[in-house]
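Worksheet: one structure, shown below.
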Amino acid sequence: MARQPESDSFMEMFGRFGRDLKVPNVDVEAILAHHRKNLEALEKAARTSAAGASSLLSRQREMLQDTLREVADMAQSYRAPGNPQELMAKQTEFARKSFEAALKNAGEVAELARKSGTESIDILRARIKEAMEEVRAGYGQK
Numbered sequence: 148m149a150r151q152p153e154s155d156s157f158m159e160m161f162g163r164f165g166r167d168l169k170v171p172n173v174d175v176e177a178i179l180a181h182h183r184k185n186l187e188a189l190e191k192a193a194r195t196s197a198a199g200a201s202s203l204l205s206r207q208r209e210m211l212q213d214t215l216r217e218v219a220d221m222a223q224s225y226r227a228p229g230n231p232q233e234l235m236a237k238q239t240e241f242a243r244k245s246f247e248a249a250l251k252n253a254g255e256v257a258e259l260a261r262k263s264g265t266e267s268i269d270i271l272r273a274r275i276k277e278a279m280e281e282v283r284a285g286y287g288q289k
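Just so you know, we're using this note's numbering here: the sequence shown kicks off at 148 and counts up by one.
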């Protein structure tokens, strides 16, 4: 038996197998097209998720750099105040700013994650809807 080139994709091997079986009333090309669309949708959703994760990590890195810069600025500008009230006021102000920044950043991170997940799910949802329409159309032909 002649050896097939190793570069055949799974879809090509499956298609050749289906054609070689010569099964009546089975449109192997339609089945392959259907699954090819499924795989393309999964690939697109995965790329979208990866891009979302990348932008999320990038934004988190920026947030960390901003926070570290603020801490460094505060440490450089820190002078031991003459009285305890002034020290408490500076510490309170820093704590307030840190808390507000943390809340803002957490909200932004949550929104980025939600957006990324929603885009990926929308891609898959659209493909599922299209696949169901293909199945309905296939039953309508018989």
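Where a beta carbon is used, it is the ideal one built from N, C-alpha and C, also for glycine. Quick caveat: nothing in here was measured; it's all calculated off a predicted structure.
Using the Cα positions of residue i and residue j, report the straight-line distance between them to the nearest angstrom.
{"i": "Glu159", "j": "Val175", "result": "11 angstroms"}
{"i": "Arg274", "j": "Lys262", "result": "19 angstroms"}
{"i": "Arg283", "j": "Ala253", "result": "44 angstroms"}
{"i": "Leu234", "j": "Lys251", "result": "26 angstroms"}
{"i": "Arg163", "j": "Ala177", "result": "13 angstroms"}
{"i": "Leu179", "j": "Arg166", "result": "11 angstroms"}
{"i": "Tyr286", "j": "Glu280", "result": "10 angstroms"}
{"i": "Lys276", "j": "Ser267", "result": "14 angstroms"}
Pop quiz: residue i and residue j are said to be a contact at Cβ under 8 angstroms. What is the actual Cβ separation, rounded to whole angstroms?
{"i": "Phe241", "j": "Met221", "result": "6 angstroms"}
{"i": "Ile270", "j": "Ala188", "result": "6 angstroms"}
{"i": "Arg206", "j": "Glu258", "result": "Not confirmed; about 10 angstroms, so no contact."}
{"i": "Ala98", "j": "Asn185", "result": "Outside the displayed span of the chain (148 to 289) sits residue 98, for which this structure offers no information."}
{"i": "Ala260", "j": "Leu204", "result": "About 11 angstroms separates the two Cβ atoms, so there is no contact after all."}
Would residue i be called buried (16 or more neighbouring beta carbons within 10 Å of its own) or exposed?
{"i": "Gly199", "result": "buried"}
{"i": "Thr195", "result": "buried"}
key: Start-end ranges of the alpha helix (DSSP H) lying completely within the region 194-260, minimum 4 residues   = For the region 194-260, not a single whole alpha helix (DSSP H) run of length 4 or above is found.
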